[in-house]
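Start counting the sequence shown at 60; every next residue gets the next number (my numbering).
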Amino acid sequence: MNIIERIILGFFAGAVTYGVIFLFYLKKKPKIVKPVPEESRLEILKKYSEYDTGADSKKYPATFVLHNKTPDILLKYDYLKYSGRASANEDDIVFAMLDFVCDHFMHDGNVCLPRNRSMVGIIEGSEKIGLKTNCRGLSLILAELLRINGIKARHVTCKPYEEPFTDCHVVVDCIMPSGKRIMLDPTYRLYFVDDNGEYVSIAQLREGIIRGVDFHPNPNASYNGGEFSYDDYKEYMTKNLLRFNTNFNLDDSLPDMGATEIELIPKEYTTERFSKRVKFITDPISFWNI
């Protein structure tokens with residue numbers, strides 16, 4: 060083979076290599092199916108504020124597995140000190156579990172969850188990186204702790220308008236022993252009450268932001284032990300309260316399974332070219348009926 064043939068062969072080999080890399084990049088690069096509108100996040104939320112109540116006649120109740128055995132891994136974090144809090148207020152166990160999570164685990168948005176997304180798996184993974192995990196990890200831990208104590212709780216992913224998105228937030232939707240509903244955010248050791256001192260749910264937080272109503276964070280709300288800014292949080296959640304995603308099965312042995320996802324979207328929000336594995340509904344009663 061002469062030098063010209065070698066040059067030509069090298070050129071084509073290089074072209075093929077770069078072509079394969081380019082095609083791989085195109086395949087991996089997520090397709091934007093819903094770009095961010097030009098309006099402000101509050102304008103977007105108000106524009107898509109309404110649901111289609113009654114549109115989904117079929118109900119989608121979650122399957123809760125309660126009172127699972129307490130994993131041994133919790134004992135080295137003085138879990139019994141928290142679970143043993145005695146009080147005339149039966150709802151106090153909820154806040155004891157929130158304190159447990161926030162006293163021992165820190166938030167780090169750059170952390171990826173381990174393959175094992177059970178509570179034990181997440182805790183074991185966090186132990187390798189300074190007891191850090193992301194908002195989903197914190198919420199999965201807290202929700203399972205509450206279910207161990209017989210309380211119906213689930214993690215809910217709060218999503219923005221755009222798809223795909225680069226940021227979302229995960230919190231806990233909880234039915235307290237008293238029957239009251241509350242949003243718990245372990246990233247910020249946070250919950251809200253209204254002007255009457257009533258606990259605020261995720262749905263109520265969304266409605267309040269749309270109507271311009273302010274709620275009151277608990278006095279010890281904080282981020283990794285530091286300060287908590289209500290204004291910053293409200294701005295952040297204004298972006299992330301457009302749609303909600305959760306799972307049907309709330310069982311630590313089947314954690315965070317994509318095949319059981321259900322997502323509540325506003326009635327004017329289209330999901331063309333979205334993932335087919337998610338069941339999209341526009342009826343908030345079906346979504347929140349746990």
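By construction, the Cβ of each residue, glycine as well, lies at the ideal position given by its N, Cα and C atoms.
- Quick one: Cα of THR341 to Cα of GLY113, how far? 8 Å
- Taking buried to mean at least 16 other C-beta atoms within 10 Å of its own C-beta, is SER260 buried or exposed? buried
- Query: What is the residue span of the beta strand (DSSP E) that LYS218 lies within?
  - Reply: 212-218
- Message: Is it the case that the segment 164-181 contacts the segment 253-269, given that we only count it when at least three CB pairs across the two stretches are under 8 Å?
- Response: no
- Could you tell me how far apart the beta carbons of PRO351 and LYS293 are, in whole angstroms, since I believe they sit closer than 8 Å? Not covered by the structure: residue 351. The range shown for the chain is 60 to 349.
- Task: Could you check how far apart the C-beta atoms of ASN193 and LEU172 are, in whole angstroms? I think they sit under 8 Å.
- Result: 7 Å
- Message: Going by C-alpha to C-alpha distance, which of LEU104, MET242, ASP226, LYS187 sits closest to CYS233?
- Response: MET242
- Quick one: complete alpha helix (DSSP H) runs, 4+ long, within the segment 238-279? 261-270
- Using a threshold of 6 Å, is the CB atom of GLY267 nearer than that to any non-hydrogen atom of the ligand MN? Absence of the ligand MN from the depicted structure is noted, as is the absence of any ligand whatsoever, leaving it without description.
- Query: Any idea what DSSP makes of ASN348, helix, strand or coil?
  - Reply: coil
- DSSP three-state assignment for LYS187, whether helix, strand or coil: coil
- Query: Would DSSP call HIS228 helix, strand or coil?
  - Reply: strand
- Task: Spell out a yes or no on whether the segment 325-339 and the segment 104-113 are touching, meaning 3 or more CB-CB pairs, one atom from each, closer than 8 Å.
- Result: yes
- Taking LEU264 and LEU104 to be in contact with their CB atoms under 8 Å, please state how far apart those CB atoms are, rounded to whole angstroms. No, LEU264 and LEU104 are not in contact; Cβ-Cβ is about 11 Å, not under 8 Å.
- Query: Going by C-alpha distance, which of LYS211, ASP291, LYS187, ILE181 is nearest ILE200?
  - Reply: ILE181
- Query: alpha helix (DSSP H) containing GLU322: first to last residue?
  - Reply: That residue, GLU322, is in no alpha helix (DSSP H); its beta strand (DSSP E) goes 320-323.
- Put HIS166 into one of helix, strand or coil per three-state DSSP. strand
- Item | 7 Å Cβ cutoff met for PRO276 and LEU197 | no
- Message: According to DSSP, is CYS233 part of a helix, a strand, or is it coil?
- Response: strand
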